[in-house]
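Asks:
Residue numbers (our numbering): 6 to 207.
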């Protein structure tokens with residue numbers, strides 16, 4: 006059985022995968038096929054747990070391929086914390102927030118916070134709508150992991166070091182780091198490279 010962790014991002018998805026890495030009967034990965042397109046993007050191995058916030062933009066294709074045969078987790082976090090985190094993560098080019106504001110909404114006159122709020126609400130609504138007809142789901146909050154993670158393990162029949170898996174939730178993975186001058190420069194260079202490298206026509 007495949008398991009997909011659907012979320013906005015900035016809500017503990019990397020920690021989720023780190024916890025699941027202690028299972029012996031499932032593989033687990035974070036954004037493992039993020040750079041792929043077409044059928045390859047959804048060619049996950051059997052018995053794999055995948056967390057990738059960008060899957061929220063591919064729910065139609067995910068449904069067509071996996072439908073009701075997969076187990077879906079809707080992972081959330083305190084909305085204010087997610088919005089604040091995204092409002093801070095604003096790479097000049099190459100980042101999902103400026104791409105959403107300027108490319109999807111075409112509403113560049115609005116503030117970063119307004120864009121982050123709209124982004125979070127849009128993704129959450131899309132995931133909720135996608136899960137309406139799914140029979141194997143869990144809706145969980147990052148802040149309450151100690152309460153729901155054991156139940157998740159039981160529902161999917163997880164084997165391995167479940168105690169070590171549960172302990173991972175006491176550590177922050179991929180937490181927001183201060184944007185130093187060097188880090189800002191690296192992000193800008195990466196973004197510029199993404200823009201300048203034009204893909205081939207065919």
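In this text, a Cβ means the ideal position worked out from N, Cα and C, and glycines have one as well. For clarity, every value in this text was computed on a predicted model and none was experimentally measured.
Can you tell me which of the three DSSP states residue 216 falls into?
Replies: Here the chain comprises residues numbered 6 to 207, so residue 216 is not present and cannot be evaluated.
Asks: Excluding the 5 residues preceding and the 5 following residue 33 in the sequence, name in chain order all residues of the same chain whose CB lies nearer than 6 angstroms to its CB.
Replies: Working through the chain shown from its first residue, we reach residue 33 at position 28. If we look at residue 33 and ignore the five residues flanking it on each side, its Cβ neighbours are 22, 25, 26, 54.
Asks: Identify every run of the beta strand (DSSP E) within the segment 28-86, keeping only runs that are complete inside it and at least 3 residues long; order them along the chain.
Replies: Here the runs fully enclosed are 32-35, 53-56, 76-81.
Asks: The alpha helix (DSSP H) with residue 22 in it runs from where to where?
Replies: Translated into positions along the chain shown, residue 22 becomes position 17. That run of the alpha helix (DSSP H) goes 18-25.
Asks: Just to confirm the assignment, what range does the beta strand (DSSP E) spanning residue 144 have?
Replies: Sequence index remark: in the chain shown, residue 144 carries index 139 (1-based). Here the beta strand (DSSP E) through residue 144 covers 142-146.
Asks: Any contact of the segment 84-96 with the segment 120-140, i.e. 3+ C-beta pairs under 8 angstroms?
Replies: Touching, yes, given that three or more Cβ pairs across the two stretches are closer than 8 angstroms.
Asks: Please state whether DSSP places residue 165 in a helix, a strand or coil.
Replies: Your numbering for residue 165 matches position 160 in the chain shown. In this structure, residue 165 counts as strand in the three-state DSSP scheme.
Asks: Can you confirm whether the segment 58-66 touches the segment 128-141 when touching is taken to mean that 3 or more C-beta pairs between the two stretches lie within less than 8 angstroms?
Replies: Cβ pair count under 8 angstroms is three or more, so yes.
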